[in-house]
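Residue numbers (my numbering), protein chains in the order written: chain A, -16 to 189; chain B, -16 to 189. No residue lacks a Cβ here, since even glycine has one placed at the ideal position from N, Cα and C.
Number of protein chains: 2
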Amino acid sequence: MKLKDQNTEATILEAAKHIFMEKGLYGARMQDIANQAGINKALLHYYFRNKERLFDEVFGGALERYFQNMDIISDETLPIIERVLTYSNRFVHFLAEYPQMSIFLIKEISSNQALFHLKVNGIKKDKKYSLLTLLNEGIRNGELPSLDPVVFLMNLHSMCAYPFVAAPIFQVICQSSGVQWADSNHEKLLNSIHDFIHFKLSKSNL
Amino acid sequence: MKLKDQNTEATILEAAKHIFMEKGLYGARMQDIANQAGINKALLHYYFRNKERLFDEVFGGALERYFQNMDIISDETLPIIERVLTYSNRFVHFLAEYPQMSIFLIKEISSNQALFHLKVNGIKKDKKYSLLTLLNEGIRNGELPSLDPVVFLMNLHSMCAYPFVAAPIFQVICQSSGVQWADSNHEKLLNSIHDFIHFKLSKSNL
DNA sequence: TCATGGTTTAACCAAATGGTTAACAAAGGT
DNA sequence: ACCTTTGTTAACCATTTGGTTAAACCATGA
């Protein structure tokens, strides 16, 4: 009975992640979280003062992990195009590992932008390691062709993230056209994204 | 006082759209909707039996409009690539007109997939006018290069829809890199999407 | 052993919320 | 004028839900 002890808090957080990701802030019930964690509801309030704080923890954690994943961490001596390819790989694999993450963030961000801005300001974002900075640098020094870095970033992120966000919609589209749908074949997706990166960032394509 | 009469129902629906799109099914309060419509809460139940039915109306309507927009309606004598370009134009302009639409659908679909499948089955989807069918046809008869139509469709939809879905995230990314962010410049986006379509669907690119 | 302090629970509470009721108002047909 | 139907409201109700409380539990050190 007392085996849990210190990990009770972790158990609760795990359960809260699960429920909040599925139901969202408003849809989630404290009782559901308690059930999921296998504990009494009052214990939630013992570890986390109230629903808002518990949610903050989950939301903030997810945001942080999400934005961490957007740093360019690859070897600085590599050509920019290689680093962007690596970036897209990391992004897709990250999303494949946490398929609900994007949906959760988008849901909650859209329904509480104030909290989002508050939380995101608390996360240190290093300009030095951002994709936009890298692109701008490459364009300035001629390593990349001249293109709009914001549009490119949007295209890239879109192609990486939206398949996870809109998976149920894509399933239905495929079904209704009688096309087979392989849920987990992210390699094909990545190949196409790599093609796109080469297309946009290779100078030979001009 | 009695001026409204027949349009009360429409007023309620309009208010419900507004509130549900902003807050989602769980976050929306019947009282909020009544306030937004400027009427008594009981009147909601007079026109729509309960919250679920009112939501169904909004959700179903949104779904229908969304999927209607996915029909290929352009002139059949045009080259396929032209028709796909037109398709992307329509899609982006549609989303630009209803920027919350995608987020709303994704939110609610992800938190109630059963309802989604139920509703979507009630919408007649004509294989004949689907993008996938068109692509398959073009590939079969050699008008298009050989490519995976599902991946292409995912890429295309992603680039069109995700900028609206993740607008707040993109804003933050741009801000934190000190890049100016023009919210409404969809023409740049469309240009890039058109480039992509040409890149993928032109045989000359092989 | 037993006192102590952190941990856990059952029972409870107040507020919020979806939904109902009964009465009233307006309009239209007779 | 009067009855019926439709539209509208204030007040009310039952349930759900986030949150609290007081008591119990249990490991541990004096």
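No Cβ-Cβ contact shorter than 8 Å links residue 7 of chain B with residue 85 of chain A. Excluding its 5 nearest sequence neighbours in each direction, residue 77 of chain A has C-beta neighbours in its own chain below 6 Å: 52, listed in chain order.
Cβ-Cβ separation between residue 4 of chain B and residue 27 of chain B: approximately 17 Å, too far for a contact (criterion under 8 Å). At least one CB atom of chain A sits nearer than 8 Å to the CB of residue 9 of chain B. Residue 84 of chain A does not reach chain B, its nearest Cβ partner there being about 12 Å away, counting only Cβ pairs nearer than 9 Å. Excluding sequence positions up to five before and after residue 79 of chain A, its CB lies within less than 7 Å of the CB of 169, all in the same chain and listed in chain order. Closest by C-alpha distance to residue 136 of chain B, out of B:10, B:-3, B:-2 and B:74, is B:74. As the crow flies, the alpha-carbon of residue 142 of chain B is around 23 Å from that of residue 121 of chain A. Distance from the CA atom of residue 0 of chain B to the CA atom of residue 88 of chain B, rounded to whole angstroms, is 12 Å. When C-beta distances to chain A are compared with 9 Å, the residues of the stretch 130 to 144 of chain B below that value are 130, 131, 132, 133, 134, 135, 136, 137, 138, 140, 141, 142, 143 and 144, in chain order. When the beta-carbon positions are compared, residue 40 of chain B and residue 31 of chain B come within less than 8 Å of each other. The Cβ atoms of residue 83 of chain B and residue 151 of chain A do not sit closer than 8 Å to each other.
The C-alpha of residue 108 of chain B lies about 7 Å from the C-alpha of residue 159 of chain A. One thing to note: residue 176 of chain A has its Cβ no nearer than 8 Å to the Cβ of residue 115 of chain B. Rounded to the nearest whole angstrom, the C-alpha separation of residue 117 of chain A and residue 61 of chain B is 41 Å.
Look at residue 125 of chain B here: in three-state DSSP terms it is coil, with no helix or strand label. Counted as a single uninterrupted DSSP element, the alpha helix (DSSP H) harbouring residue 16 of chain A occupies residues 13 to 20. Shown here, residue 130 of chain B sits in coil according to DSSP, grouped into three states, outside any helix or strand. Note on the stretch 68 to 102 of chain A: whole alpha helix (DSSP H) runs with a minimum of 4 residues are 82 to 94, in chain order. When secondary structure is reduced to three states using DSSP, residue 148 of chain A falls in the helix class.
Within the same chain, Cβ atoms closer than 8 Å to the Cβ of residue 133 of chain B are found at 115, the five residues on either side in sequence being excluded. Taking 8 Å as the threshold, the shortest C-beta distance from residue 116 of chain A to chain B falls below it. Using a CB distance cut-off of 8 Å, residue 99 of chain A counts as an interface residue toward chain B. In terms of CA proximity to residue 105 of chain A, A:44 leads the group A:90, A:123, A:44 and A:154. Separation of the CB atoms of residue 172 of chain A and residue 146 of chain A is rounded to 6 Å, and the pair is thereby assigned contact status at 8 Å. When CB distances to chain A are screened at a threshold of 8 Å, the residues of the stretch 158 to 173 of chain B falling below it are 159, 160, 161, 162, 164, 171 and 172, in chain order. DSSP places residue 161 of chain B in the coil class of the three-state scheme, outside both helix and strand. A distance below 7 Å between beta-carbons, with the five flanking residues on each side excluded, links residue 34 of chain A to the following residues of its chain, in chain order: 13. The C-beta distance from residue 110 of chain A to residue 21 of chain B rounds to 48 Å, too long to fall under 8 Å, and the pair is not in contact.
For residue 4 of chain A, the enclosing alpha helix (DSSP H) covers residues -10 to 10.
Less than 8 Å separates the beta-carbon of residue 186 of chain B from that of residue 128 of chain B.
Approximately 6 Å separates the beta-carbon atoms of residue 66 of chain A and residue 55 of chain A; this is inside 8 Å, confirming the contact. Under the 10 Å beta carbon count, residue 70 of chain A is surrounded by 16 or more other beta carbons and is classified as buried.
Cβ atoms of residue 19 of chain A and residue -7 of chain A stay farther apart than 8 Å, at about 13 Å. For residue 37 of chain B and residue -4 of chain B, the gap between their C-alpha atoms comes out near 8 Å. By the Cβ neighbour-count rule, residue 101 of chain A is exposed, with fewer than 16 other Cβ atoms within 10 Å of its own.
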